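If you read the sequence shown in the working numbering, its first letter stands for residue 51, the second for the next number, and so on. Backbone N, C-alpha and C fix where the C-beta goes; we use that ideal spot for every residue, glycine too. Since this is a predicted model, take the numbers as computed values, not measurements.
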Amino acid sequence: MIIVFRILLVFFISTVTLTAQVKTLRFLDGHTKRPVYDADVYTDSTFVTTTGYNGNVKVDIGGEYSNVVVSHISYEDKVIPRDSLQKRKVYKLKRRIGFLDEVIIDSKQLKDSMSPVLLNFAWNSKVATFIPYRSDSIITKLKFRVINVKGVKGLNYLSFKTNLYSFDTVRKTPKEPLLPEDLVVENKEGNKWATIDVSKYNIRTPKEGLCIVFIISGHKFYKVTSIMGKGGAIPAVPTLKHEGGVRRKGYSYIYKPEYKNGDRSGYRWVTVKRRRYKMELELEGED
């Protein structure tokens with residue numbers, strides 16, 4: 051009986067010790083003090099998770115790593131040495147100069163999916179929407195539902211780039227470009243849907259489907275780099291409208307950075323669950 055008690059006591063102490071190593075960290079906007087939602091959290095090069103709607107994330111502070119790295123498209127990267135995690139639990143992130151990128155957070159979205167949706171884009175932003183197979187007809191036109199944001203009119207007139215990507219059926223993400231180069235899309239008339247004719251490339255939708263990719267180039271691509279909107283300066287670039295898509299196959303992706311040993315090493319596609327950027331294609335023979 052005494053032996054059993056000692057075993058249980060050792061197990062209990064070990065469990066408490068392990069639990070005590072997990073700490074909840076919170077990340078706030080350094081200016082507004084609002085929680086930063088959907089920031090990527092890494093331990094050195096290992097992706098852990100993203101922050102929740104309240105800016106919180108649980109991290110094992112007793113792990114074998116050197117730094118916790120926090121990355122968000124709107125903020126400068128935050129590198130926190132593991133040894134200092136015991137001292138603080140709330141950290142402020144500094145906004146990138148000229149950026150006012152946010153994610154939409156509403157009650158329906160939080161209830162449905164806790165999934166990130168960019169409200170406005172910035173230079174070098176890239177998102178994709180999966181288009182399932184409909185027929186073997188040639189793709190004739192790509193369509194983009196461009197919008198204005200932050201009270202700034204005319205952003206939907208601005209140019210952007212696009213490409214078609216094959217679909218990786220294993221990773222369930224965009225794979226490789228199908229067009230020889232990114233194409234510039236112009237919307238001179240300011241229509242709700244910006245369009246581009248791609249019929250000359252004779253591309254057909256593969257059985258596994260494909261992705262339409264919306265690309266914002268670097269700031270040198272635009273004559274005006276930033277403009278004042280409601281709440282501050284934003285990059286002067288067009289933005290895509292998004293919609294709910296709980297039962298739709300046409301889900302979307304955001305191209306986000308990844309890290310190795312605390313340094314940015316590349317990018318990866320992240321699924322936007324239950325939200326869809328409005329991009330469509332037309333096939334030969336369709337009205």
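Could you tell me whether the region 208–215 touches the region 228–246, where touching means 3 or more Cβ pairs closer than 8 Å? Contact between the region 208–215 and the region 228–246 is present, with at least three C-beta pairs closer than 8 Å.
Straight-line CA distance for T321 to E239? Along the sequence shown, one-based indexing puts residue 321 at 271. Along the sequence shown, one-based indexing puts residue 239 at 189. So the alpha carbons of these two residues sit roughly 32 Å apart.
Residue interval of the beta strand (DSSP E) (run including P131): For the purposes of this step, residue 131 is taken as residue 81 along the sequence shown, with counting starting at 1. Unbroken beta strand (DSSP E) run through P131: 125–131.
Touch check for the region 171–180 and the region 201–208: three-plus C-beta pairs under 8 Å? no
Leaving out the 5 sequence neighbours to the left and right, which residues in its chain are closer than 6 Å to Y327 when beta-carbon positions are compared? Numbered from 1 along the sequence shown, position 277 holds the residue referred to as residue 327. The answer, listed in chain order, is V177, T179, L290, H292, S302.
If I'm right that A89 touches F77 with Cβ under 8 Å, what's the distance once you round it to whole angstroms? Your numbering for residue 89 matches position 39 in the sequence shown. Your numbering for residue 77 matches position 27 in the sequence shown. Confirmed, about 6 Å.
Look at the alpha carbon of F149 and the alpha carbon of S249, and state the distance between them as a whole number of angstroms. Counting from one through the sequence shown, the residue named residue 149 turns up at place 99. Counting from one through the sequence shown, the residue named residue 249 turns up at place 199. Confidence at F149 is low in this model, with a pLDDT of 44, below 50, so the placement of that residue should be treated as unreliable; the coordinate-derived value is given next. When rounded, the distance between both Cα atoms is 36 Å.
Buried or exposed: G316, going by 16 or more other Cβ atoms within 10 Å of its Cβ? For the purposes of this step, residue 316 is taken as residue 266 along the sequence shown, with counting starting at 1. Flag for G316 reads exposed.
CB-CB under 6 Å to N252, same chain, minus the five flanking residues each way: which ones, in chain order? The residue given as residue 252 occupies position 202 in the sequence shown. Contacts found: I188.
When the Cα atoms are used, what is the spatial distance from D79 to T255? As a first step, residue 79 must be located in the sequence shown, where it is residue number 29. As a first step, residue 255 must be located in the sequence shown, where it is residue number 205. Cα to Cα, D79 sits roughly 43 Å from T255.
In whole angstroms, what is the alpha-carbon distance linking E334 and I265? If you number the sequence shown from 1, residue 334 lands on position 284. If you number the sequence shown from 1, residue 265 lands on position 215. Their backbone Cα atoms lie some 25 Å apart in a straight line.
Is DSSP giving Y215 helix, strand or coil here? Taking the sequence shown and counting its residues from 1, the one referred to as residue 215 is at position 165. Strand, per DSSP.
Considering only residues of the same chain and omitting the five flanking positions on each side of N198, which have a CB-CB separation below 6 Å? Within the sequence shown, residue 198 is the residue found at index 148, counting from 1. The residues are L205, N206.
Could you check the C-alpha separation between T190 and V196 for me, to the nearest Å? As a working mapping, residue 190 is identified with position 140 in the sequence shown. As a working mapping, residue 196 is identified with position 146 in the sequence shown. Going from the Cα of T190 to the Cα of V196 covers about 19 Å.
So which of P85, E226, E330 has the shortest CA-CA distance to K364? Absent from the model: residue 364. The displayed extent of the chain is 51 to 337, so no value can be given.
Would you say I111 and K73 are within 8 Å of each other, going by their C-beta atoms? Your numbering for residue 111 matches position 61 in the sequence shown. Your numbering for residue 73 matches position 23 in the sequence shown. Yes; because the gap between Cβ atoms is below 8 Å, this pair is in contact.
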